[in-house]
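J.: In this note's numbering, each residue carries its 1-based index in the sequence shown increased by 3.
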Amino acid sequence: MKHIVRTGATIALVAVLVLGASATVVSAEKVDVERDGQEVEVDNGNVEFEDTDADLDFEVSDGNVDIESSGVSIEQRDGDVEVENDRNDLDFETSNDGDEVDAESQDLEIEQRDDAVEVEEENLDYDRQDDDNVNIESESGPIDIEIDADGETEVETDDGDVEDDRDGELEVDRDDLDYENDGDGDVEWEDDETDIEQEERALEVSTQSGLDFESDGEGRIEFRDGDTDIEIDGRSVDIEGRDDFDVEVDESGRATSSTNDTDG
4 MKHIVRTGAT IALVAVLVLG ASATVVSAEK VDVERDGQEV EVDNGNVEFE DTDADLDFEV
64 SDGNVDIESS GVSIEQRDGD VEVENDRNDL DFETSNDGDE VDAESQDLEI EQRDDAVEVE
124 EENLDYDRQD DDNVNIESES GPIDIEIDAD GETEVETDDG DVEDDRDGEL EVDRDDLDYE
184 NDGDGDVEWE DDETDIEQEE RALEVSTQSG LDFESDGEGR IEFRDGDTDI EIDGRSVDIE
244 GRDDFDVEVD ESGRATSSTN DTDG
């Protein structure tokens, strides 16, 4: 078995012995480590990790995040976020640090744009435009509508509740979903397959399949899925993959790559 480490123009081949261990330490602006379908590239703070066997592609470039892993994708561009999960046809998008939202999942769609709100599900269509006119349609009853003196609206059906406070705050509660936007950049989505929490530029995503992602929006990122564990803090990188695949790069660019193998 070969463990390939590329740094700039230097290529080192390290043979792994039975019951042995090998490690190579280098210092360079660019690090490229490849073994058994797993590859890490670190270049001036940009990170890419690919595991073809696990169907995983993880990339951080200029602070932007792109992840694809077994039917789940995560994109983060400053305060713009998109999360997709094929298991329940989820497409969750936010922009302007969570002020604008467009989320779809099976029979539910939620849109928030400036002062406009639309919640559309199988038995309810709730629509409020910028002029504060509200249109509510329900295919079948019962339906309970409450509007207070400040215009705050609550709609309740057998399928769930919609609460619209008209100042950016919106809550949608159903048996299979909880959605909340506090109007100040904090957005939460929780369904049977995916949990999403966005606080302006910070983001957390977890799925029932075992994926966990956290980003503080300021350069610290943690990702776990299956055998893969990735931690990034500024220019410091630590990636652990399958079969004792391990690559570390410190703030100065000093890289350590090691592997332990018992198969020879």
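Note that beta-carbon positions come from the ideal geometry of N, C-alpha and C, so glycine has one too.
Need the endpoints of the beta strand (DSSP E) that T156 sits in, please.
T.: First-last of the beta strand (DSSP E) with T156: T156 to T160.
J.: In three-state DSSP terms, what is D194?
T.: It is a strand residue.
J.: Tell me the residue span of the beta strand (DSSP E) that contains E51.
T.: Segment N49 to D54, the beta strand (DSSP E) holding E51.
J.: With C-beta atoms as the reference, is E203 less than 8 Å away from G66?
T.: Taking 8 Å as the Cβ cut-off, E203 and G66 do not qualify as a contacting pair.
J.: With DSSP collapsed to three states, give me the class of R116.
T.: Here R116 sits in strand by DSSP.
J.: Entirely within the stretch 180-229 and at least 4 residues each: give me those alpha helix (DSSP H) ranges in chain order.
T.: The qualifying runs do not exist here; there are none.
J.: CA-CA distance, D100 and E196?
T.: Cα to Cα, D100 sits roughly 24 Å from E196.
J.: Secondary structure at N67, three-state DSSP: helix, strand or coil?
T.: It is a strand residue.
J.: Using a 10 Å radius around the Cβ and a threshold of 16 neighbouring Cβ atoms, would you call D38 buried or exposed?
T.: Contrary to the premise, residue 38 reads as Arg rather than Asp in this sequence. Under this definition R38 is a buried residue.
J.: Hey, would you say E254 sits closer than 8 Å to G237, going by beta carbons?
T.: Yes, the Cβ-Cβ distance between E254 and G237 is below 8 Å.
J.: Reducing DSSP to helix, strand and coil, say where D241 ends up.
T.: Here D241 sits in strand by DSSP.
J.: Report yes if the CB atom of D275 is closer than 8 Å to the CB atom of S260, and no otherwise.
T.: Outside the shown range of the chain, which is 4 to 267, sits residue 275, and nothing can be said about it.
J.: State the Cα-Cα distance for the pair D162 and I113, rounded to the nearest angstrom.
T.: Each residue's alpha carbon lies about 15 Å from the other.
J.: Counting pairs of Cβ atoms below 8 Å between the stretch 91-108 and the stretch 185-199, do you hit three or more?
T.: Verdict: yes, contact present.
J.: With burial defined as no fewer than 16 other Cβ atoms inside 10 Å of the residue's Cβ, what is the status of D228: buried or exposed?
T.: Under this definition D228 is a buried residue.
J.: Out of N126, D179, S212 and R177, which one is the CA nearest neighbour of P145?
T.: When each option's Cα is compared against that of P145, the closest is N126.
J.: Please report the straight-line C-alpha distance between L206 and G220, rounded to a whole angstrom.
T.: Those two C-alpha atoms are separated by around 7 Å.
J.: Work out the CA separation of I224 and A26 for me, nearest whole Å.
T.: With a pLDDT of 46 at A26, under the threshold of 50, the modelled position of this residue cannot be trusted, and the question is left open.
J.: What residues are listed by DSSP as bridge partners for D60?
T.: In DSSP, D60 forms a bridge with E53 and E71.
J.: Using C-beta distances below 7 Å, list every residue in its chain close to E124, excluding the 5 sequence neighbours before and after it, in chain order.
T.: Excluding residues within five positions, the ones whose Cβ falls inside 7 Å are D110, L111 and D162.
J.: Indicate the three-state DSSP secondary structure (helix, strand or coil) for R90 in the structure shown.
T.: If DSSP states are grouped into helix, strand and coil, R90 belongs with the helices.
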